[in-house]
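Q: For reference, the structure I am asking about is given below.
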Ligand code: SF4
Ligand code: SF4
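Residue numbers (my numbering): 7 to 146.
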């Protein structure tokens, strides 16, 4: 046993005076890096209610229900208690209406408090700009 401790002693002493690799969380927090997959968010003004996000979410964490058919109003619920932070909804959305923020502190006493509701009017799809075609010139 004594021999084993002696073998580790140089390494132990080396690390004793090094800067620590961890932070004193939750009193000290690191800034989440660019591209960090925190919590999914909706930008309602861009949503065309195609439901691609609902279809592709592997955790069934997104729900969209109509609120008023005449006003084209819908409610999206993101169930953060089910979300696995994969960002598939962001990749699947054709209008960039889904994004991921840097929020990761999602603990709650009641999982139902982790739901986020958005009530909004369906956006009109913006037609894609047609690709210009080169019409061959006729020479006289
Ligand atoms: S991040 Fe993944 S699990 Fe969470 S809502 Fe989007 S698709 Fe679903
Ligand atoms: S957030 Fe994007 S993918 Fe989901 S319904 Fe709206 S437009 Fe479609």
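Just so you know, even glycine gets a beta-carbon here, dropped at the ideal spot from N, CA and C.
Which parts of the region 90-138 are runs of the beta strand (DSSP E), unbroken and 3 residues or longer, counting only runs that do not cross its ends?
A: With a minimum length of 3 residues, the continuous beta strand (DSSP E) runs that stay inside the region 90-138 are 104-106 and 121-127.
Q: Identify every run of the beta strand (DSSP E) within the region 13-76, keeping only runs that are complete inside it and at least 3 residues long; order them along the chain.
A: Entirely contained in the region 13-76, the beta strand (DSSP E) runs reaching 3 residues are, in chain order, 46-48 and 68-74.
Q: Can you check DSSP and say which residues form a bridge with residue 84?
A: DSSP output for residue 84 lists 68 and 122 as bridge partner(s).
Q: Using a threshold of 9 Å, state whether the C-beta atoms of residue 124 and residue 78 are closer than that.
A: No, Cβ-Cβ distance for residue 124 and residue 78 is not below 9 Å.
Q: Would you call the region 94-105 and the region 27-47 in contact, with 3 or more CB pairs under 8 Å?
A: The answer is yes - the region 27-47 touches the region 94-105, with three or more Cβ pairs under 8 Å.
Q: For residue 104, is the beta carbon positioned less than 8 Å from some heavy atom of ligand 2?
A: Yes, the Cβ of residue 104 comes within 8 Å of a heavy atom of ligand 2.
Q: How long is the line joining the alpha carbons of residue 27 and residue 63, rounded to whole angstroms?
A: Looking at the two C-alpha atoms, the distance is approximately 35 Å.
Q: Rank 131, 39 and 85 by C-alpha distance to the C-alpha of residue 117 and give the top, closest one.
A: Per the Cα distances, 85.
Q: Please identify the residue among 89, 42, 71 and 100 whose C-alpha is closest to the C-alpha of residue 132.
A: Among 89, 42, 71 and 100, the Cα nearest to that of residue 132 belongs to 100.
Q: Does the distance between the C-beta of residue 79 and the nearest non-hydrogen atom of ligand 2 fall short of 8 Å?
A: No, Cβ of residue 79 sits at least 8 Å from all heavy atoms of ligand 2.
Q: Can you tell me whether residue 34 is buried or exposed, with buried defined as 16 or more other CB within 10 angstroms of its CB?
A: Answer is exposed; the Cβ neighbour count stays below 16.
Q: When we look at the beta-carbon of residue 145 and count the other beta-carbons within 10 Å, is it buried (16 or more) or exposed?
A: Its pLDDT being 48, under 50, residue 145 is placed unreliably by the model, and nothing is read from it.
Q: With distance defined between alpha-carbon atoms, name the residue in 56, 95, 109 and 129 nearest to residue 39.
A: Considering only alpha carbons, the answer is 109.
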